[in-house]
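Top to bottom, those sequences are chains E and V.
Its first residue numbered 1160, the first sequence is counted upward by one per residue in the numbering used here.
Its first residue numbered 393, the second sequence is counted upward by one per residue in the numbering used here.
This report refers to the structure that appears directly beneath it.
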Amino acid sequence: MPTLPLSAAGQIALAAGLAAAAVYLLLPKPRMRSVAGGIAAAVAALAVFSLWLVQAFGRPSHDAVGTALFALFSTGALGFGTVLVAQRNPARGAIAFSFVILSTCGLFLLLAAPFLMAATVIIYAGAIIVTFLFVLMLSHAGGGPSGENDRTREPLLGSLAGFAFVGLVLFTLYHAAAPAAAADADDPSAPVVGKAALPAPVVTPDERAKLLEAAGRFEALAERAKALDPADNQAAREAARAWLTDYEREVIPPSLLSSVTEPGGTPSPKAASVPPGGSLPRRMTAYRHDGQADAAKARASELYRDAKKRFNAAEDAIGLRPPGTPLDTALFAREAHDTRGDIRLLAGMADLPARNVGNLGLLLYADHLLAVELAGTLLLVATIGAVAIAGKKGAHS
Amino acid sequence: MIGLWHYLAVAAALFGIGLVGFLTRRNLITMFLCAEMMLQGVAINLVAFSRYHGNLHGQVFTLFVVAVAACEAGLALALFLMLYRRGKSLDASDWQGLREVGVSQTLDTEPLAPAPAEEALPTLTPAGARPARTEEEPARV
Chain E
1160 MPTLPLSAAG
1170 QIALAAGLAA
1180 AAVYLLLPKP
1190 RMRSVAGGIA
1200 AAVAALAVFS
1210 LWLVQAFGRP
1220 SHDAVGTALF
1230 ALFSTGALGF
1240 GTVLVAQRNP
1250 ARGAIAFSFV
1260 ILSTCGLFLL
1270 LAAPFLMAAT
1280 VIIYAGAIIV
1290 TFLFVLMLSH
1300 AGGGPSGEND
1310 RTREPLLGSL
1320 AGFAFVGLVL
1330 FTLYHAAAPA
1340 AAADADDPSA
1350 PVVGKAALPA
1360 PVVTPDERAK
1370 LLEAAGRFEA
1380 LAERAKALDP
1390 ADNQAAREAA
1400 RAWLTDYERE
1410 VIPPSLLSSV
1420 TEPGGTPSPK
1430 AASVPPGGSL
1440 PRRMTAYRHD
1450 GQADAAKARA
1460 SELYRDAKKR
1470 FNAAEDAIGL
1480 RPPGTPLDTA
1490 LFAREAHDTR
1500 GDIRLLAGMA
1510 DLPARNVGNL
1520 GLLLYADHLL
1530 AVELAGTLLL
1540 VATIGAVAIA
1550 GKKGAHS
Chain V
393 MIGLWHYLAV
403 AAALFGIGLV
413 GFLTRRNLIT
423 MFLCAEMMLQ
433 GVAINLVAFS
443 RYHGNLHGQV
453 FTLFVVAVAA
463 CEAGLALALF
473 LMLYRRGKSL
483 DASDWQGLRE
493 VGVSQTLDTE
503 PLAPAPAEEA
513 LPTLTPAGAR
523 PARTEEEPAR
533 V
């Protein structure tokens, strides 16, 4: 990976300056418009921005496909966004905007938000874009040059102001995030600047590796359960009991979420009483006192509780089953698989949550019911307002 | 693994591009699309934080942002239609009469490039004399 002989601030300033020059050259105006120069500057700005992103927040690793998709979607969003801003023809700009939306939806999917992805595609690409293309058709005033499409308002000052704002935001982000991001990306070479304004991730890389190992063991348990002979005989019972013993060994002693390392930051006085091998919930209590740590703690405790509950269910399936009925090996496999999924979710590397839509609906109608009603009312009022504004005066007479 | 910060940086850049477009462009529809792009940057922020915190509250926020954006689109559409009916143009600078007292007027001094001349359409030479009307086939003439 090439590096730039510049500090982080210099890299951000260079990227912002190149981006401002690119947009200035690309914006439609009577003179000083250079599409080739603008594209070259835009590509250079994107390259500097990418290098800065990697150097500041750590080199993405472990997930080549995810990294490639992120690069594809983010480049698509930024590239088509630039096309929208620089495009002379508003209809083509609307098409570029729809590609921005599609790229954003790809990022939503990478962030485990499939419902939002679908909703955004339907609402933006399916409704807003089509509606605006209708307006464009209604107001089409010939193909010649026009002030609205071929002139811009203060292109130089506008570009400089906009990208200076972006540069400041990125610099603030860098100062706030670099230490935590370096820890998150498993990249010790990433620079550490100042004091972290945002807390480090609750699950450290070592813990994540341990959790993934545990998830692998539960996956193996699920495969073993599938291989159990469901016939009702003594051998099957013994095999199921051996399986249960292994499951119990994984869940209970040693603790599923035991930690081998201590997180960064200053330990509280309470930390002295916590043994170094304490479980994640206990460690959280000792070192972190914020909402995010509480959420991770609750999730880890819930995982532990659920794993024990699943063990009890599997035990009951063996002990309480009526004589002469076959073993429910699918239940064992399901319990082990669910535990494995929960562990991977806690590690932050889980597959897409399949129950995302259901959970989102539950959250909307349980915790945010009033807001949903207000949003619906707002939509109704906006519809009435749009009809009132667009209606011709005297149309009824 | 791509972390929270990568998403935040991309969202900030998307927001900034939309901001530049909103500040510089004069077509009302392009300005509106740039504002929507800024909202997309905000939505990426919210969803990334939702993933980071391991809950769905950020996604719920994004849903409300989308609902508000839909309201905004409906009202903006109606406004643009009304403005176009009055001014026969979608140029925001046509409405600078609404500016505050003391702010100077923006004048377009540089002439626009002339429109490219349209190529003349080919003309067909007459193929022959006009056929005479006959009793048998009145509809052909």
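We put the CB at the ideal spot given by N, CA and C, even for glycine.
None of the values given here were measured: they were computed from a predicted structure.
Query	Result
Ordered list of alpha helix (DSSP H) runs contained in the stretch 1204-1272 of chain E, each at least 4 residues	1223-1245 and 1249-1269
Neighbour flag for PHE472 (chain V) against chain E, beta carbons, 7 Å	yes
Residues bridged to THR1311 (chain E) [DSSP beta-bridge criterion]	V:ARG417
Cross-strand partners of TYR1465 (chain E) (DSSP beta bridge)	This sequence places Asp at residue 1465 (chain E); Tyr is not what is there. Answer by DSSP bridge pairing: none, since ASP1465 (chain E) is not bridged.
C-beta neighbour in chain V for ILE1281 (chain E), strict 7 Å	no
Straight-line Cα distance separating LEU1529 (chain E) from GLU502 (chain V)	54 Å
Listed by chain order, chain E residues near LEU448 (chain V) by CB distance under 8 Å	ASN1515, ASN1518, LEU1519 and LEU1522
Minimum Cβ-Cβ distance from GLY1176 (chain E) to chain V less than 7 Å	no
In chain order, each alpha helix (DSSP H) run of at least 4 residues that lies wholly inside the stretch 441-471 of chain V	none
7 Å Cβ cutoff met for ILE1171 (chain E) and GLY1285 (chain E)	no
Supposed close pair ALA1215 (chain E), CYS463 (chain V) - CB separation, criterion 8 Å	Not a contact, Cβ separation roughly 37 Å.
At least 3 beta-carbon pairs within less than 8 Å: the stretch 1280-1294 of chain E vs the stretch 1329-1336 of chain E	no
Closer than 7 Å to chain V by CB, THR1290 (chain E)	yes
7 Å Cβ cutoff, PRO1350 (chain E) in contact with chain V	Confidence in PRO1350 (chain E) is poor, its pLDDT being 44 and thus under 50, which makes the residue's placement unreliable; the coordinate value appears in the next sentence. Answer no: the Cβ-Cβ gap between PRO1350 (chain E) and chain V never drops below 7 Å.
Cutoff 7 Å: VAL412 (chain V) Cβ touching any chain E Cβ	yes
Below-7 Å beta-carbon distance, ASN437 (chain V) vs any chain E residue	no
Opening and closing residue of the alpha helix (DSSP H) in which GLU1532 (chain E) lies	1528-1549
Per-residue contacts from ARG1190 (chain E) into chain V (C-beta, under 8 Å)	GLU502
As assigned by DSSP and simplified to three states, the class of ASP1497 (chain E)	helix
Own chain, CB closer than 7 Å to PRO1314 (chain E), minus 5 neighbours either side, in chain order	TYR1183, LEU1186 and LYS1188
Counted within 10 angstroms of its Cβ, other Cβ atoms place ASP1501 (chain E) as buried (16 or more) or exposed	buried
Cβ of LEU431 (chain V) within 7 Å of any chain E Cβ	no
6 Å Cβ shell around PHE1208 (chain E) - same chain, five flanking residues per side excluded	ALA1174
Contacts that GLU492 (chain V) makes with chain E (C-beta to C-beta distance below 9 Å)	None at all; the shortest Cβ gap to chain E is about 16 Å.
ALA470 (chain V), buried or exposed, once every other Cβ within 10 Å from all chains shown has been counted against 16	buried
Any C-beta of chain E under 7 Å from that of ARG488 (chain V)	In the sequence under discussion, the amino acid at residue 488 (chain V) is Gln, which differs from the Arg named in the question. No - not a single Cβ of chain E is within 7 Å of the one on GLN488 (chain V).
PHE1274 (chain E) and LEU1519 (chain E) closer than 7 Å at C-beta	yes
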